[in-house]
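Quick note, the sequence shown lines up with residues 1 to 174 if you use full-length UniProt numbering.
Note that CB positions come from ideal geometry on N, CA and C, so glycine has one too.
These notes are about the structure you will find just below.
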Amino acid sequence: MSQSNRPVPACAVVVVSDRRSRQQAEDTTGPVIAEWIATRGWTAVPTVSVPDDAGALSKELVRLTDEGVNLVLTTGGTGLGARDVTPEATLAVAHRVVPGIHEWIRASTGANLPAAFLSRGVAVLRDSTLIVNLPGSPRAVSEYLAHLGKILPHALAQVRSAPGSPDADRHPTE
């Protein structure tokens, strides 16, 4: 199936923040990501906020995967703090790790954003869903998205055409 005939990817944003999940803080990164998704013409499911809790995040990632979301972008919880558990929660539900995504982003953004080297974010596959951890600051999110935009279309096309993917057997007119 040609890429132009593919169904539009469904994308989810998960904000990982204790304060945001209790509605005690403004979401400063979720809207940046949602706007980026919209500018690509992709479908965004409603943004979800979860606390900095590995169990809560893992449960949400499984739910989104089970609902058939193609791409999940998490934001927050990738730093060195004791409550930064996003990578661990993501790895707990992963079927395969995609290390090159974050290796490339860290190498590409490190000169302008040295804190990128402190990010512990990961990218994984769970079934036919690609899950990518993003940092929790708007500036860093924007930098990461600028790089992700160069590789995500190809990555999603690969995942969605793989045997066993719900989209793999679709007829081009569907």
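*Can you check DSSP and say which residues form a bridge with asparagine 133?*
According to DSSP, which records beta bridges pairwise, asparagine 133 is partnered with Thr74.
*Alpha-carbon spacing of methionine 1 relative to serine 128, whole angstroms*: For methionine 1, the predicted structure reports a pLDDT of 41, less than 50, and the residue's modelled location is therefore unreliable. The matter cannot be settled from this model.
_With 16 other Cβ atoms within 10 Å as the buried cut-off, status of proline 135_ = Taking all protein chains in view, the Cβ of proline 135 is crowded by 16 or more other Cβ atoms within 10 Å, so the residue is classified as buried.
*Among Tyr144, His154 and Pro87, nearest to leucine 113 - alpha-carbon criterion*: It is Tyr144 whose Cα lies nearest to the Cα of leucine 113.
*Helix, strand or coil: how does DSSP classify arginine 170 here?*
Model confidence at arginine 170 stands at a pLDDT of 42, short of 50, so the residue's coordinates are unreliable; what they give is reported in the following sentence. In the structure shown, arginine 170 sits in coil (DSSP, three-state: anything other than H, G, I, E or B).
*Between serine 49 and serine 21, what straight-line distance do the alpha-carbon atoms span, to the nearest angstrom?*
The alpha-carbon separation between serine 49 and serine 21 amounts to approximately 5 angstroms.
*Under the assumption that alanine 34 contacts alanine 44 (Cβ atoms under 8 angstroms), give the Cβ distance between them as a whole number of angstroms.*
So it is a contact: roughly 5 angstroms between Cβ atoms.
*Tell me, please, which residues DSSP counts as bridged to leucine 125.*
DSSP links leucine 125 through a beta bridge to Arg96 and Leu130.
_Could you tell me the alpha carbon to alpha carbon distance between proline 31 and arginine 139, rounded to whole angstroms?_
Arginine 139 has its alpha-carbon roughly 13 angstroms from the corresponding atom of proline 31.
_From Ala92, Gln158 and Leu118, residue whose alpha carbon lies closest to that of alanine 78_ = Before going further, note that residue 78 is threonine rather than alanine in the sequence given. Ranking Ala92, Gln158 and Leu118 by Cα distance to threonine 78 puts Leu118 first.
*Taking only beta-carbon atoms, is valine 97 less than 9 angstroms away from chain D?*
The displayed structure is made up of one protein chain only, and chain D is not part of it.
*Is it right to say arginine 160 is buried, meaning 16 or more other beta carbons lie within 10 angstroms of its own, or is it exposed?*
Residue environment for arginine 160: buried (at least 16 other C-beta atoms within 10 angstroms of its C-beta).
*asked:* Rounded to whole angstroms, what is the Cα-Cα separation between glycine 100 and lysine 150?
replied: Distance between the alpha carbons of glycine 100 and lysine 150 is about 13 angstroms.
*Roughly how many angstroms lie between the CA atoms of valine 132 and leucine 61, to the nearest whole one?*
C-alpha separation (whole angstroms): 11 angstroms.
*Same chain only: Cβ atoms within 6 angstroms of alanine 89, ignoring 5 sequence neighbours per side*: Once the five neighbours on either side are set aside, the close Cβ partners of alanine 89 are Ala54, Leu57 and Ser58.
*Please say whether leucine 91 and glycine 14 have beta carbons closer to each other than 9 angstroms?*
Strictly speaking, residue 14 in this sequence is valine, with glycine absent from that position. Contact: no.
*How is serine 21 classed by DSSP in three states: helix, strand or coil?*
Here serine 21 sits in helix by DSSP.
*Please determine, among Asp18, Cys11 and Pro46, the residue with the shortest C-alpha to C-alpha distance to arginine 40.*
For the residues Asp18, Cys11 and Pro46, the minimum Cα distance to arginine 40 belongs to Cys11.
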